[in-house]
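Asks: Sending over a structure as structure tokens; questions will come in a sec.
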Amino acid sequence: MNAAIIFVLLILLMLTGMPISIALGMTVLTFLFTMTTVPIESVALKLFTGIEKFEIMAIPFFILAGNFLTHGGVARRMINFAASMVGHWHGGLALAGVLACALFAAVSGSSPATVVAIGSIILPALVKQGYPRGFGAGVITTSGALGILIPPSIVMVMYSVSTNTSVGKLFMAGVIPGILLAFFLGLTTWFLAKKKDYPRMPKASWKERFIAFRKSAWGLLLIVIVMGGIYSGKFTPTEAAAVAAIYAFIVAVFVYKDMSLKMVPKVLIDSAAMSAMLLYIITNAVLFSFLMTSENIPQAMAGWILDSGFGMVSFLLVVNLLLLLAGNVMEPSSIVLIMSPILFPVAMKLGIDPVHFGIIMVVNMEVGMCHPPVGLNLYVASGITKMGISELTVAVLPWLMTMIGFLLLVTYVPALSTWLPNLIYN
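Going from the sequence shown to this note's numbering is simple: count from 1 and add 9.
Written out as structure tokens, the structure reads:
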């Protein structure tokens with residue numbers, strides 16, 4: 010009964026147009042003060058202890074690193090390198106967009122940042138080469154979603170904070186699925202481009218490829234520093250995020266010199282504003298999780314699912330449907346922070362690997378970012394392409410179907426997510 014009251018209250022507040030974070034906080038406070046005897050001091054205490062985790066510090070640092078890279082010419086050089094490698098295939102420049110998104114995802118940790126950085130450069134170039142605007146928008150909107158699957162990933166950090174799962178293991182778990190999804194999106198792009206005979210670029214010589222690689226090397230080196238540092242044990246994911254932010258600043262300002270020192274304060278302020286927004290969501294989500302636990306809702310739900318005879322296969326199918334539905338009305342960070350405390354205990358009771366479950370959630374978030382009404386990538390791509398959301402929704406369909414097929418693959422083949430972390434951490 011209490012669970013129904015909590016969720017009805019949350020949905021009603023969200024329907025008023027109230028931001029998710031405030032709706033969460035209001036739901037918790039209203040329920041606690043009217044239907045329980047929980048002292049107000051415990052709420053204040055939970056607000057502070059909820060975000061007192063070292064891992065959370067990775068979020069503002071990765072956002073800052075992504076902003077420096079977005080403004081610092083790294084994306085353009087990555088696109089040139091990608092185009093030199095795959096540009097001569099069918100749909101070459103579009104394929105370069107997929108590869109560039111995968112490379113940029115490995116340094117930014119954010120999907121919208123990837124769409125902005127790569128899309129703002131490659132979409133005008135695609136139109137200029139003769140590609141339909143919708144084709145280019147479909148490629149970049151969906152490939153940009155790789156930003157939260159290929160490590161480092163801000164969404165993975167949030168899942169880690171919610172469930173106490175190792176961030177390092179999650180980052181490792183994202184490598185193979187990330188590469189696989191990039192391959193499938195590229196395959197879809199190539200197939201459509203070949204079918205419709207879209208333009209190809211002249212084949213680059215190995216000398217041209219080497220020059221393009223050398224120019225993009227400073228950006229690509231960040232992947233080696235961050236991932237190599239984490240997996241070799243030189244530093245934690247949080248420390249890696251701080252190193253990434255400093256390195257991105259040095260590369261953007263002093264190496265590539267695409268950003269002047271005058272632009273740095275604006276990047277810092279933008280990053281602080283985005284970090285504050287995410288930390289505010291986390292704080293309220295922690296409160297919501299506290300309420301759910303104090304009312305024994307996850308435990309009751311776990312008991313009901315097990316008593317109903319749900320097995321691992323049927324539970325994961327329900328989880329996917331639930332998360333895809335949630336993706337219609339909420340953005341990824343909110344979904345992870347609200348759903349993880351509810352679904353995670355059930356997954357553990359059914360013997361599902363916590364790292365595998367995390368990757369399933371992240372891939373669901375990727376799909377959610379590419380369909381209306383609140384798909385963040387759609388809105389970012391809409392701003393770049395000047396296309397309407399309904400028009401964009403039709404444009405992304407072939408790649409969206411590919412992503413849904415990939416979601417089923419990741420869900421029911423856990424080895425894709427668990428093999429690499431088990432290999433390194435065992």
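Where is the CB? At the ideal position from N, CA and C, for every residue including glycine.
Contact defined as beta carbons within less than 8 Å: I believe Ala-122 pairs with Thr-79. What is the distance between those atoms, to the nearest angstrom?
Replies: That pair is a contact at about 5 Å.
Asks: Can you tell me which of Met-410, Met-374, Val-364 puts its alpha carbon nearest to the alpha carbon of Ile-347?
Replies: Answer by Cα proximity: Met-374.
Asks: Start and end of the alpha helix (DSSP H) containing Met-370?
Replies: Start and end: 363 to 377.
Asks: Using the C-alpha atoms, what's the distance from Ser-343 back to Thr-245?
Replies: Whole-angstrom Cα-Cα distance: 25 Å.
Asks: Tell me whether the segment 111 to 122 and the segment 156 to 164 touch, counting them as touching only if at least three CB pairs, one residue from each stretch, are closer than 8 Å.
Replies: These segments touch.
Asks: Measure the CB-CB distance between Phe-113 and Met-87 and report whether it falls below 8 Å.
Replies: Against a cut-off of 8 Å, the Cβ pair of Met-87 and Phe-113 comes out as a contact.
Asks: Go through its chain and collect everything with a Cβ distance to Thr-39's Cβ below 8 Å, but skip five positions before and after it.
Replies: Once the five neighbours on either side are set aside, the close Cβ partners of Thr-39 are Leu-18.
Asks: Decide if Asp-362 is buried, meaning its Cβ has at least 16 other Cβ atoms within 10 Å, or exposed.
Replies: That one is buried.
Asks: Under three-state DSSP, which class holds Met-35?
Replies: Three-state DSSP puts Met-35 in a helix.
Asks: Could you give the residue range of the alpha helix (DSSP H) that holds Ala-257?
Replies: From DSSP, the alpha helix (DSSP H) with Ala-257 extends over 246 to 259.
Asks: Within the chosen definition, does the segment 217 to 231 reach the segment 258 to 267 through at least 3 CB pairs nearer than 8 Å?
Replies: Yes, the segment 217 to 231 is in contact with the segment 258 to 267.
Asks: In angstroms with no decimal places, state the Cα-to-Cα distance between Pro-211 and Gly-96.
Replies: When rounded, the distance between both Cα atoms is 7 Å.
Asks: Hey, could you find the ends of the alpha helix (DSSP H) Asp-316 is sitting in?
Replies: Start and end: 306 to 316.
Asks: Quick check: what's the CA-CA separation for Met-23 versus Ile-306?
Replies: The straight-line gap from Cα to Cα measures roughly 21 Å.
Asks: If you draw a straight line from the alpha carbon of Tyr-434 to that of Ala-134, how long is it in whole angstroms?
Replies: If you take the alpha carbons of Tyr-434 and Ala-134, they lie about 43 Å apart.
Asks: Is it buried or exposed for Ile-278, if we count other Cβ within 10 angstroms and need 16 for buried?
Replies: Exposed, since its Cβ has fewer than 16 Cβ neighbours within 10 Å.
Asks: Report the residue ranges of all alpha helix (DSSP H) runs contained in full by the segment 384 to 429; include only those spanning at least 4 residues, in chain order.
Replies: Listed in chain order, the complete alpha helix (DSSP H) runs (minimum 4 residues) inside the segment 384 to 429 are 385 to 394, 398 to 421.
Asks: Can you give me the C-alpha to C-alpha distance between Ala-67 and Ala-251, rounded to a whole angstrom?
Replies: Their backbone Cα atoms lie some 7 Å apart in a straight line.
Asks: Please state if the CB of Val-371 and the CB of Leu-352 are separated by a distance shorter than 8 Å.
Replies: Against a cut-off of 8 Å, the Cβ pair of Val-371 and Leu-352 comes out as no contact.
Asks: Take Leu-189 as the anchor and find which of Phe-42, Lys-204, Leu-108 has the nearest alpha-carbon.
Replies: When only C-alpha atoms are compared, the closest one is Leu-108.
Asks: Under 7 Å Cβ to Cβ from Ser-426, same chain only, skipping five residues before and after it: list those, please.
Replies: So the list reads Ala-182, Pro-186, Val-364, His-365, Ile-368, Val-419, once near-sequence residues are dropped.
Asks: Between the alpha carbons of Glu-304 and Asn-11, how many angstroms are there, rounded?
Replies: Spanning the two alpha carbons is a distance of roughly 7 Å.
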